[in-house]
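Data first, discussion second: the structure below is written as structure tokens.
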Amino acid sequence: MIGQVLRGRWRTLVVLAVLGALVGAGSSVILSPGYRTTSSVLLQGPREADELLTQAEVATSSVVLDRAAAVLGEGQTGADLRDKVATSVAQGNVITIETTGETAEQTQRLADQVAQEFVKYSTQIIAGSADAAVQLAQERRETLRQQVAQTNQRISELSAKVNDGKTTVESVQLRTELQSLRSSIESAMSTLNAADTASGLGNMVVLGSAELPSSAAAPTLPQLALGGAALFFLIGLFGHLFTARVDRRLRDEEEIAAALGGPVLATFDVVDERPAGTSLRAKILRDDRPWNIPRVDVFADEIDTVVQYRRLVSRLPHRRLLVLAAADDHAGQRAAERIAGFADRWCDVVTVSPVRPVLQDTEAEGVLVVSSLGSRSAWELVGIAEACADAGLSVAGAVLTRPVQPTRGRSGASTPTDHEALAGTQ
Numbered sequence: 002m003i004g005q006v007l008r009g010r011w012r013t014l015v016v017l018a019v020l021g022a023l024v025g026a027g028s029s030v031i032l033s034p035g036y037r038t039t040s041s042v043l044l045q046g047p048r049e050a051d052e053l054l055t056q057a058e059v060a061t062s063s064v065v066l067d068r069a070a071a072v073l074g075e076g077q078t079g080a081d082l083r084d085k086v087a088t089s090v091a092q093g094n095v096i097t098i099e100t101t102g103e104t105a106e107q108t109q110r111l112a113d114q115v116a117q118e119f120v121k122y123s124t125q126i127i128a129g130s131a132d133a134a135v136q137l138a139q140e141r142r143e144t145l146r147q148q149v150a151q152t153n154q155r156i157s158e159l160s161a162k163v164n165d166g167k168t169t170v171e172s173v174q175l176r177t178e179l180q181s182l183r184s185s186i187e188s189a190m191s192t193l194n195a196a197d198t199a200s201g202l203g204n205m206v207v208l209g210s211a212e213l214p215s216s217a218a219a220p221t222l223p224q225l226a227l228g229g230a231a232l233f234f235l236i237g238l239f240g241h242l243f244t245a246r247v248d249r250r251l252r253d254e255e256e257i258a259a260a261l262g263g264p265v266l267a268t269f270d271v272v273d274e275r276p277a278g279t280s281l282r283a284k285i286l287r288d289d290r291p292w293n294i295p296r297v298d299v300f301a302d303e304i305d306t307v308v309q310y311r312r313l314v315s316r317l318p319h320r321r322l323l324v325l326a327a328a329d330d331h332a333g334q335r336a337a338e339r340i341a342g343f344a345d346r347w348c349d350v351v352t353v354s355p356v357r358p359v360l361q362d363t364e365a366e367g368v369l370v371v372s373s374l375g376s377r378s379a380w381e382l383v384g385i386a387e388a389c390a391d392a393g394l395s396v397a398g399a400v401l402t403r404p405v406q407p408t409r410g411r412s413g414a415s416t417p418t419d420h421e422a423l424a425g426t427q
């Protein structure tokens, strides 16, 4: 069935694909980020997770972006850069600054400048809030160093007493006190190291210049155009398949006969022709005809011969009949006119609306319904049968036309005449 859709609606699918490509290309103005690069800033010393998140927010603050915009120039403000800069926290106390831009050079400069302004601003914040704490920390470190010196002196004195070679109660107490003092000095040294580390928490380092992007980041304009074309193509393809799936028009002869309340007398294969007055769009796309028309391996002049119509007319009852066709069924109307032409005065052609069929009172004694396969639903056929019953007419039978597409064409040959066609049957 997919092959039938591709053969019968390939023009429509191509138009949908082109439309999808245009939509995808247009959406690149909004969806395509342009060029993208990153810059990394290392925060030295131990850091808490909340502190790292705070620093990431500082990197995209209005102060940092305004300063970066002022240095870069180009008529941009910090508010303009807000949608072009994003930050995240990586492992190892690293703040990643991601920037986007229209050109590779512009994106690289933006990433480097934002990283530099972030380091400067964070350093200023830490320095301004730590002025009073710096002096206190220095006094604390000096006190700790004095404590370490006193402890070391006491340890030396105790060591001299313990090493005299005598083992007494006093010597055991001295050894215990010596061990305690050693623990104290280790604790003091740890505290001193922590204080030294705390004094360096404000240090930040930019880990090199941002990489110059070699190509635009995905999704790019070609990718969006290709994706839009593929999406619209698939929508059109599956739309046709879904429509065929939910189609309730009858294609089985027995079901059509049951809906009309009369037998199917004949089924003709007719060449599918475009009716007069077809719009330019329909002529180009050819979407005004069913896409699931069967293809037959015959010549066009071998289909729909007059012999079949004459045989049908010979089997009709010799009474006045109305040859009825739906107003929108062009193939059915052509077949009805040919049947009436061969039947001469016994048949009159009438067309009715398939939605609200109404038959006027006539002198006819029956109705011959002509319809194309797959053109009417069961309810529409039942409505036609009820309209015939309301007019006091019975359905004498039905003639079905099956649109086909011949796969071969006869060059330099004309269609056989009625006399030639009849002569071929003798």
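Letter by letter, the sequence shown follows residues 2 to 427 in my numbering.
Even for Gly, the Cβ is constructed at its ideal location relative to N, Cα and C.
DSSP state of residue i mapped onto helix, strand, coil
i	result
V95	strand
T108	helix
G102	strand
S188	helix
R37	strand
S89	strand
A116	helix
Q77	coil
T61	coil
E178	helix
R146	helix
S29	helix
A211	coil
R183	helix
W11	helix
E49	coil
Residue from the options with nearest C-alpha to residue i
i	options	result
I126	T38, L261, A218 and N204	N204
V207	P220, V120 and R346	V120
L213	T39, E140, L261 and G9	T39
P223	T152, L261 and G35	G35
V42	L322, T108, T88 and A336	T88
V356	Y310, G76 and A327	A327
I98	T104, Q109 and V400	Q109
I385	Q309, G262, G79 and S210	G262
E254	H319, F269, H241 and T244	F269
S376	E364, D330 and W347	D330
G4	F343, L242 and D51	L242
D248	A69, S215 and S378	S378
D67	E143, R83 and A57	R83
T221	L17, R12 and I31	I31
S63	L53, G102, V115 and Q92	V115
R311	E143, S373, A258 and G342	G342
L53	V90, V6 and S29	V90
T13	A283, L73, R246 and P358	A283
P358	E381, C348, E338 and R339	E381
S210	M2, T363, T55 and T100	T100
R320	R346, I340 and Q92	R346
P264	V6, G398 and E49	G398
S157	R146, L182, R142 and E140	L182
R48	G74, I96 and V72	I96
I236	V383, L17 and M2	L17
E187	L281, M2, L7 and R146	R146
R142	N153, T177 and S191	S191
Cross-strand partners of residue i (DSSP beta bridge)
i	result
V24	Answer is none; V24 lacks a bridge partner.
T402	F269 and S373
M205	L44
Other residues of its chain near residue i: CB distance less than 6 Å, five sequence neighbours each side excluded
i	result
D419	With a pLDDT of only 45 at D419, under the threshold of 50, the placement of this residue in the model should not be trusted; the figure read from the coordinates follows. V307.
A22	A226, G229 and A230
G25	L225, A226, G228 and G229
S395	G367
G9	W292
A267	L313 and V400
L202	Residue placement at L202 is poorly supported in this model, since its pLDDT is 48, which falls under 50; the coordinates are not used for a value here.
V15	none
L44	N94 and M205
S29	L222 and L225
Near the ligand PLP: residue i beta-carbon under 6 Å from a heavy atom
i	result
S191	In terms of ligand content, the structure shown is empty, and the ligand PLP therefore cannot be addressed.
Cβ neighbours of residue i in the same chain (closer than 8 Å, five flanking residues each side left out)
i	result
L360	L323, L325, V351, V353, V368, A388, C389, D391, A392 and L394
V59	V65, F119, Y122, S123 and I126
E256	A379
A1	No answer is possible for residue 1: it lies beyond the span of the chain, which begins at 2 and ends at 427.
G333	A326, A327, V371, S372, S373, S376 and T402
Own chain residues within Cβ distance below 7 Å of residue i, not counting five before or after
i	result
A344	V314 and L317
G102	G35, Y36, K85, T108 and L111
L73	R110, L111 and Q114
task = Quick one: which unbroken beta strand (DSSP E) runs of 3-plus residues sit fully inside the segment 312 to 397? Chain order, please.
result = Entirely contained in the segment 312 to 397, the beta strand (DSSP E) runs reaching 3 residues are, in chain order, 322 to 327, 348 to 353 and 367 to 373.
message = List, from N- to C-terminal side, the alpha helix (DSSP H) runs of 4 residues or more that fit wholly inside the segment 213 to 287.
response = Qualifying alpha helix (DSSP H) stretches, in chain order: 222 to 247, 254 to 261 and 281 to 286.
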